[in-house]
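Engineer: Numbering (the working numbering) for the sequence shown: 171 to 365.
The beta carbon of each residue, even a glycine, is placed where N, CA and C say it ideally should be.
No experiment lies behind these values; they were computed from the predicted model shown.
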Amino acid sequence: MFEDAVEPHEPFAVWFAEARRTEPDVPDAMQLATADATGRPSVRTVLLKEAGPEGWAFYTHYASPKSRDLTTRPYAAAVIHWKSLQRQVRVEGPVRRMDQEASDRYFASRDRASQLGAWASVQSEILSGPTDLVRAVEDAERRFAGLAVPRPAGWGGWVLTPERFEFWQGRRGRLHDRVQFTWNQGNWTRALLAP
Numbered sequence: 171m172f173e174d175a176v177e178p179h180e181p182f183a184v185w186f187a188e189a190r191r192t193e194p195d196v197p198d199a200m201q202l203a204t205a206d207a208t209g210r211p212s213v214r215t216v217l218l219k220e221a222g223p224e225g226w227a228f229y230t231h232y233a234s235p236k237s238r239d240l241t242t243r244p245y246a247a248a249v250i251h252w253k254s255l256q257r258q259v260r261v262e263g264p265v266r267r268m269d270q271e272a273s274d275r276y277f278a279s280r281d282r283a284s285q286l287g288a289w290a291s292v293q294s295e296i297l298s299g300p301t302d303l304v305r306a307v308e309d310a311e312r313r314f315a316g317l318a319v320p321r322p323a324g325w326g327g328w329v330l331t332p333e334r335f336e337f338w339q340g341r342r343g344r345l346h347d348r349v350q351f352t353w354n355q356g357n358w359t360r361a362l363l364a365p
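1. Ignoring anything shorter than 3 residues or poking outside the region 252-285, list the beta strand (DSSP E) runs there in chain order.
2. From the DSSP output, which residues share a beta bridge with Val-249?
3. Return the Cβ separation of Phe-228 and Trp-328 in integer angstroms, given the expectation that the two are a contact with Cβ distance under 8 Å.
4. Would the region 175-194 and the region 251-266 be scored as touching if the rule is three or more Cβ pairs under 8 Å?
5. How many Å lie between Gly-324 and Asp-195 at the Cα?
6. Can you look up Glu-220 in the DSSP assignment and give me helix, strand or coil?
7. Taking only the alpha-carbon atoms, compute the straight-line gap between Ala-247 and Phe-351 and give it to the nearest angstrom.
8. Output the distance between the C-alpha atoms of Ser-233 and Ala-207, rounded to the nearest integer angstrom.
9. Ignore the nearest five residues each way along the sequence and tell me which others in Ala-175's own chain have a CB closer than 6 Å to its CB.
10. Is DSSP giving Asn-309 helix, strand or coil here?
11. Got a sec? Which residues, its chain only, sit under 7 Å from Ala-272 by beta carbon, not counting five neighbours each side?
12. Using the beta-carbon count (16 or more within 10 Å), is Gly-299 buried or exposed?
13. Go to Thr-241, then tell me how far its beta strand (DSSP E) extends in each direction, as first and last residue.
14. Which partner residues of Leu-362 appear in the DSSP bridge assignment?
15. Per DSSP, what are the beta-bridge partners of His-231 in this structure?
16. Measure the C-alpha to C-alpha separation of Ala-361 and Glu-224 and round it to an integer number of angstroms.
17. Below 8 Å between beta carbons: does that hold for Asp-274 and Arg-313?
18. Please tell me whether Trp-353 and Glu-336 are closer than 8 Å, where the distance is taken between their beta carbons.
19. Figure out for me which residue from Met-268, Pro-235, Ile-296 has the closest Cα to the Cα of Glu-220.
20. Taking the alpha-carbon positions, what's the Asp-281 to Pro-211 distance?
21. Counting C-beta neighbours from all protein chains within 10 Å, is the total for Val-261 16 or more, i.e. buried, or is it exposed?
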């Protein structure tokens, strides 16, 4: 698998494009693992919105637990799994906040309901009841009636820059293919791993 590949970004782009065409569920759902200041791990699903040599981008509130973890320990691991294709890709690497202009561009591309939701939700905060969020969305609708919805200052992107990739292709009899790419001193090295 990927015998001629000298770097992991092109193979990932090919797999990601195929998953976007064929995966019946959310093909850009990835599990993101972080650790807090004490080293306690946490994992959750986020949407992989962009992926390339510059990094893997996802978006969230900067006051969220994941953002607090990444601010304290700017390193993460992620996995994206496409069950219908029997494929998985794992990555690990440093994480940085996306620049404001890039976050603004992405926010402007979102549908209005999602933009209003970013203003209405204080991510992971405890709600007093199920109508709290509905009222907050209604407040945001009134606030921005007839106006473009700007990106909240506390909302934006993160970029994970993979230093390690692992590609997994399921095979019969557990003879799975595993290929690892590791960034080392300015070059990618490729290795086959036992399943």
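Structural biologist: Based on what the coordinates show:
1. 257-267
2. Gln-201, Arg-260
3. 6 Å
4. The region 175-194 vs the region 251-266: in contact.
5. 29 Å
6. strand
7. 14 Å
8. Correcting the residue type first, residue 233 is Ala in the shown sequence and not Ser. The alpha-carbon atoms of Ala-233 and Ala-207 are separated by roughly 15 Å.
9. Closer than 6 Å at Cβ, skipping near neighbours: Pro-181.
10. First, the amino acid is wrong: residue 309 is Asp here, not Asn. DSSP places Asp-309 in helix when its eight states are reduced to three.
11. Excluding residues within five positions, the ones whose Cβ falls inside 7 Å are Gly-327.
12. exposed
13. No beta strand (DSSP E) contains Thr-241, which is instead part of the alpha helix (DSSP H) from 235-242.
14. Val-349
15. DSSP output for His-231 lists Trp-325 as bridge partner(s).
16. 22 Å
17. no
18. no
19. Met-268
20. 32 Å
21. buried
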